[in-house]
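Engineer:
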Amino acid sequence: MAISATAGRWRRGNSRAGLMFLLPSLLIILVFVVYPIVQSLWMSLNDWSMFQVVHRFLGLANYVELLHDRRFWNALANTVVFTVVTVPVQIAIGLLLAIRLMRSSWWTVFLRSVFFFPVISSFATMAIVWRFLLSADVGPTAAWMRSLGIAPIDALHTPNLALPAIILVSLWKNVGFTMVILLAALQDVPESLNEAAVLDGAGAWGRFIHVTLPSLRQALLFASVIAVIVSLQVFDQVYVMTRGGPLFRTETLVTYMYEQGFAEYRSGYAAAIAWVLFILIMLLSVLQLRIFRYRDVD
Amino acid sequence: MKSNTLLAALAASTALVIGLAGHAWAAPVTLTYWSGFTGGDKQAYEDLIKKFNSTHTDIQVDYQEQPWDSIAQKLPTAIISGSGPDLATPDYNVATLQQYVANGLALPLDLIGTGQNQVAPGVLPQTVVDSFSVDGKLYAAPANFATLLLYYNKDLLKAAGIAAPPKTMTELQDDAVKLSNGQGQYGIALADNATIQMWPVLIWADGGDLISNKCSALADPKTVGTVEKWASLIRDKKISPVGSTGQDADNLFAAGKAAFEINGPWAAGQYRAAKINFDVAPVPVGASGKPVTLASTVPTIVSSKTAHPKEAQEFLAWWLSKETQAQLSNSAGYAPSRTDMATDPAITGNPTVAAFTAQVGNSRLYLPTEKDFSKIDTGIFIPAIQSAEQNGNAADALKSASDQLNSLLGCQ
């Protein structure tokens, strides 16, 4: 009994100490994460404007308006197309690079750095550079094409090519991140598994399908969840390179949200768009966890 | 009694001395000023603020530049919460001022008159007074005033055998076709988005408009005719790239790959730096027969939460003084914000400034009081122009845009 009481006091003391250690982080999360999320939900239910102190309660009117807003549906469609194309291609190229650059030598280390460099650079700055590179009039690509007798393509100003151009630049920027995640996971695959598969008569493709890929499950899950979230939130490159044009062909949920919030000053409506995006990200993340059969033991 | 008188005199003189000393030692009032001028004209504004601070002991201005996007995101809430500046340029789109006024964030200027420390609306361009006023009260002073002119590359014109810049829109179109070679050289750099507005100038020149009598004029035959003509020249004769931003157009002219561009005084510096042999001419006259160009001005407001409204307006009065305006014009190339300086030697002595100033009377602001400016510009007008350029369906695109605009404006 005495031992049990002492253990209880010890546990309570430990719990209190643990809570005290957690408190600073909890406070930061509450103030900078939880509160803005709750506040944005409240904003989305009001005719919220940055110019006013008192805001008219609208209930779900902002969400109903979204249902009839053609620009919103266009932005959603562009965002989905961007994500559906970007994520698988990014994972595939990242995996291919990781496999090719798995062995350590000065050359592969150099190439890893080259592919990772865009990840650490500012996207806004890189988008300015790419805009110049892709310019059909003053860019070096145009000059090079003309010197070969080929008419330059004005991709960023052509409705059917602007989104593919943005996708290409986004892949260039983000593929290094996927490569590094998968590279680390590849290096953790036990050699004994491969040796056992060889003894069982598995070829290179069989080893890749039955040994490498299953061993990369957690890394692939992480890389794809992050890639989906980043893709659904695409903004910088669009804002700098096309501003959503031409003819709204590259307008995404976040660029439209930005315009509603800071050009038309409709913070409530922008918050409603943010919540649609939040729910979309949440649903897709849950779906990915289910597909990859993520369990607590992982 | 005598001692009482002596004591009273002593007390009075002490109070006087303390009062005088207090006045002499009073700390100057510091006004915070948020401005979005971070481009090529930045130095001109900074120099003027330095001059103000060095010539005023009672008022000092803490001038803080930040990007326009940043001001748009912060200024309204900063003013409401009382942590905002005393003075600010809310946006380069004049129409945004209406939001600040409607929500009580901008103070009406009440030190109005012709005195040294008063803002004098009578000397400002009428278009500025009209756009900055609500219910007869003036809510802002112009931080600058610019008009647009036709920039032309003298070398390209000479090479094409064109002796002088065009005087009519028909001549401009003919010259633009002649100067376009389909190999990367364009007759004109005509931007349609993220730019100082060029298309409205073309439309106005032919007698068309975006809004007339508070309803859409986009489907007006004159507007449609102008857009159809220019869009077909862009599509078929490649006189300009399609869908250019202002930056694209500037780059093209600065690279010597466009012969003409309609632009403001701020562009001259970069073209000189790029060693382009250029000059400026009035925007050619269109079918309306009347000269017209775009005016551009940025309002400076006094925050409704300022503790120093009098000093803030004193600063604005100083800003609009002839001496200050002459310095701003000569350093940044703007036309003065006053209409009584056209013959001032400080203006006429600088041919470029004089050319921009000469167009003040012909200039119009773009949608200056439309509260739905962004919806009309970005959501309706620009897509219609881009559709006409890309698909060659000016009439349909403008009809559809006109229906949207009428719906927004509450017109049948």
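For the record, the sequence lines run as chains A and B. Numbering-wise (this note's numbering), the first sequence opens with residue 226 and increments by one. Numbering-wise (this note's numbering), the second sequence opens with residue 302 and increments by one. Note that CB positions come from ideal geometry on N, CA and C, so glycine has one too. Computed from a prediction, not measured in an experiment: that's the story for all the values here.
Measure the C-alpha to C-alpha separation of T607(B) and S274(A) and round it to an integer number of angstroms.
Structural biologist: Position 306 of the second sequence, counted from the start, is the residue given in the question as residue 607(B). Position 49 of the first sequence, counted from the start, is the residue given in the question as residue 274(A). Rounded to the nearest angstrom, the two C-alpha atoms are 21 Å apart.
Engineer: I'd like to know if N578(B) contacts chain A, where contact means its C-beta is closer than 7 Å to some C-beta of that chain.
Structural biologist: By 1-based counting over the second sequence, the position of residue 578(B) is 277. Output row for N578(B): interface = no.
Engineer: Compare the C-beta of D362(A) against all C-beta atoms of chain B and say whether one is closer than 7 Å.
Structural biologist: On the first sequence, residue 362(A) is found 137 positions in, with the first residue counted as 1. So yes, D362(A) belongs to the interface.
Engineer: Between the alpha carbons of A373(B) and L553(B), how many angstroms are there, rounded?
Structural biologist: Position 72 of the second sequence holds residue 373(B). Position 252 of the second sequence holds residue 553(B). Computed Cα separation, rounded: 29 Å.
Engineer: Secondary structure at K576(B), three-state DSSP: helix, strand or coil?
Structural biologist: The residue labelled residue 576(B) in the question sits at position 275 within the second sequence. In the structure shown, K576(B) sits in coil (DSSP, three-state: anything other than H, G, I, E or B).
Engineer: Nearest to G374(A) by alpha carbon, out of Q484(B), L449(B), G437(B)?
Structural biologist: Along the first sequence, read from residue 1 onward, the residue named residue 374(A) stands at position 149. When only C-alpha atoms are compared, the closest one is Q484(B).
Engineer: For chain A, find out if any of its Cβ atoms is closer than 7 Å to the Cβ of V420(B); answer yes or no.
Structural biologist: One-based indexing of the second sequence puts residue 420(B) at position 119. For V420(B), the answer is no, since every Cβ of chain A falls outside 7 Å of its Cβ.
Engineer: Hey, does R468(A) have any beta-carbon neighbour from chain B nearer than 7 Å?
Structural biologist: Locating residue 468(A) in the first sequence gives position 243, counting from the first residue. Closer than 7 Å to some Cβ of chain B, the Cβ of R468(A) qualifies, so yes.
Engineer: Looking at the strands, I want to know which residues DSSP matches up with C712(B).
Structural biologist: For the purposes of this step, residue 712(B) is taken as residue 411 along the second sequence, with counting starting at 1. DSSP, once it has assigned bridges, lists no residue as partnering C712(B).
Engineer: Going by beta-carbon coordinates alone, are L381(A) and A368(A) separated by less than 7 Å?
Structural biologist: Taking the first sequence and counting its residues from 1, one reaches residue 381(A) at position 156. Taking the first sequence and counting its residues from 1, one reaches residue 368(A) at position 143. It is not a contact, given that the beta carbons lie outside the stated cut-off.
Engineer: Kindly list, in the order they appear in chain A, the residues whose Cβ is closer than 9 Å to that of I381(B).
Structural biologist: Here residue 381(B) is taken as the residue at index 80 of the second sequence, counted from 1. Simply M275, F276, Q277, V278.
Engineer: Can you check the stretch 487 to 540 of chain B for any beta strand (DSSP E) of at least 3 residues that lies completely inside it and give the ranges in chain order?
Structural biologist: Listed in chain order, the complete beta strand (DSSP E) runs (minimum 3 residues) inside the stretch 487 to 540 of chain B are 487 to 489.
Engineer: I'd like the list of long-range same chain contacts for L706(B), defined as Cβ closer than 7 Å, with 5 residues on each side in sequence excluded.
Structural biologist: Indexing the second sequence from 1 puts residue 706(B) at position 405. Answer for L706(B): S517, L519, I677, I681, listed in chain order.
Engineer: Quick one: using the 10 Å Cβ neighbour count with 16 as the cut-off for buried, is Q739(B) buried or exposed?
Structural biologist: Summary: the structure shown does not reach residue 739(B), with chain B confined to residues 302 through 713, and so no result is reported for it.
Engineer: My output table needs one value for I506(A): the three-state DSSP class, helix, strand or coil.
Structural biologist: Here residue 506(A) refers to the residue found at position 281 when the first sequence is read from its first residue. It is helical.
Engineer: Need the endpoints of the alpha helix (DSSP H) that Q417(B) sits in, please.
Structural biologist: One-based indexing of the second sequence puts residue 417(B) at position 116. Segment: none, Q417(B) is in no alpha helix (DSSP H) and carries neither H nor E.
Engineer: List the residues of chain A whose Cβ lies closer than 7 Å to the Cβ of T378(B), in chain order.
Structural biologist: Looking up residue 378(B) in the second sequence gives position 77. Neighbours of T378(B) on chain A, chain order: M275.
Engineer: Helix, strand or coil: which one does DSSP assign to L451(B)?
Structural biologist: Taking the second sequence and counting its residues from 1, one reaches residue 451(B) at position 150. Reduced to three states, the DSSP call for L451(B) is strand.
Engineer: Between M302(B) and the rest of its own chain, which residues show a CB-CB distance below 7 Å, the 5 nearest in sequence each way excluded?
Structural biologist: As a first step, residue 302(B) must be located in the second sequence, where it is residue number 1. Confidence at M302(B) is low in this model, with a pLDDT of 46, below 50, so its placement is unreliable and the value that follows should be read with caution. Closer than 7 Å at the Cβ level, and outside the excluded window around M302(B), lies no residue.
Engineer: For my contact list, Y334(B) and Y452(B) are in at a C-beta cut-off of 8 Å; report their separation, rounded to the angstrom.
Structural biologist: Residue 334(B) sits at position 33 when you count from the first residue of the second sequence. Residue 452(B) sits at position 151 when you count from the first residue of the second sequence. Actually they do not touch by this definition, with Cβ atoms about 31 Å apart.
Engineer: Look at A488(A) and S675(B) and say whether their C-beta atoms are less than 7 Å apart.
Structural biologist: Residue 488(A) sits at position 263 when you count from the first residue of the first sequence. Residue 675(B) sits at position 374 when you count from the first residue of the second sequence. Taking 7 Å as the Cβ cut-off, A488(A) and S675(B) qualify as a contacting pair.
Engineer: Give the interface partners of P384(A) over in chain B, defined as CB-CB distance under 7 Å, in chain order.
Structural biologist: The sequence position of residue 384(A) within the first sequence is 159, counting from 1. By Cβ distance, chain B contributes Q691.
Engineer: Go ahead and label E615(B) buried or exposed: buried means 16 or more other beta carbons lie within 10 angstroms of its beta carbon, across all protein chains shown.
Structural biologist: Your numbering for residue 615(B) matches position 314 in the second sequence. Buried is the call here.
Engineer: Given a threshold of 16 other Cβ atoms within 10 Å of its Cβ, counted over all protein chains shown, does S432(B) qualify as buried or as exposed?
Structural biologist: Taking the first residue of the second sequence as 1, we reach residue 432(B) at position 131. Answer is buried; the Cβ neighbour count reaches 16.
Engineer: Would you say P365(A) faces chain B, with C-beta separation under 7 Å as the test?
Structural biologist: The residue given as residue 365(A) occupies position 140 in the first sequence. Closer than 7 Å: no.
Engineer: In three-state DSSP terms, what is S250(A)?
Structural biologist: Here residue 250(A) refers to the residue found at position 25 when the first sequence is read from its first residue. Residue state, collapsed to three classes: helix.
Engineer: Closer than 7 Å, CB to CB, is E476(A) near chain B or not?
Structural biologist: Mapped onto the first sequence, residue 476(A) falls at position 251. Chain B, which has no Cβ nearer than 7 Å to the Cβ of E476(A), makes this no.
Engineer: Would V543(B) count as contacting chain A if we go by Cβ distances under 7 Å?
Structural biologist: Start at 1 with the first residue of the second sequence, and residue 543(B) comes out as number 242. Yes, V543(B) counts as interfacial toward chain A.
Engineer: Considering S597(B), what are the terminal residues of the beta strand (DSSP E) in which it resides?
Structural biologist: By one-based count along the second sequence, residue 597(B) stands at place 296. Residues 594 to 603.
Engineer: Can you tell me whether DSSP reads N692(B) as helix, strand or coil?
Structural biologist: Against the second sequence, residue 692(B) aligns to sequence position 391. Three-state DSSP puts N692(B) in a helix.
Engineer: Output yes if chain B places a C-beta closer than 7 Å to the C-beta of F487(A); else output no.
Structural biologist: Reading the first sequence from its first residue, position 262 is the one you call residue 487(A). For F487(A), the answer is yes, since a Cβ of chain B falls inside 7 Å of its Cβ.
Engineer: Pull up the CB-CB distance for I602(B) and P391(B), whole angstroms please, since I reckon it's below 8 Å.
Structural biologist: The residue given as residue 602(B) occupies position 301 in the second sequence. The residue given as residue 391(B) occupies position 90 in the second sequence. Yes, I602(B) and P391(B) are in contact; Cβ-Cβ is about 6 Å, under 8 Å.
Engineer: Do we get a CB-CB distance below 7 Å when we pair L472(A) with the residues of chain B?
Structural biologist: In the first sequence, counting from the first residue as 1, residue 472(A) sits at position 247. Taking Cβ atoms only, chain B reaches closer than 7 Å to L472(A), which makes this a yes.
Engineer: How would you label R337(A), buried or exposed, when you count the other beta carbons within 10 angstroms and need 16 or more for buried?
Structural biologist: What you label residue 337(A) is simply residue 112 of the first sequence in a count that begins at 1. Burial call: buried.
Engineer: Have a look at A396(B) and Y635(B) and give me their C-alpha separation to the nearest angstrom.
Structural biologist: One-based indexing of the second sequence puts residue 396(B) at position 95. One-based indexing of the second sequence puts residue 635(B) at position 334. Whole-angstrom Cα-Cα distance: 21 Å.
Engineer: DSSP on P684(B), reduced to helix/strand/coil?
Structural biologist: Along the second sequence, one-based indexing puts residue 684(B) at 383. Three-state result, P684(B): helix.
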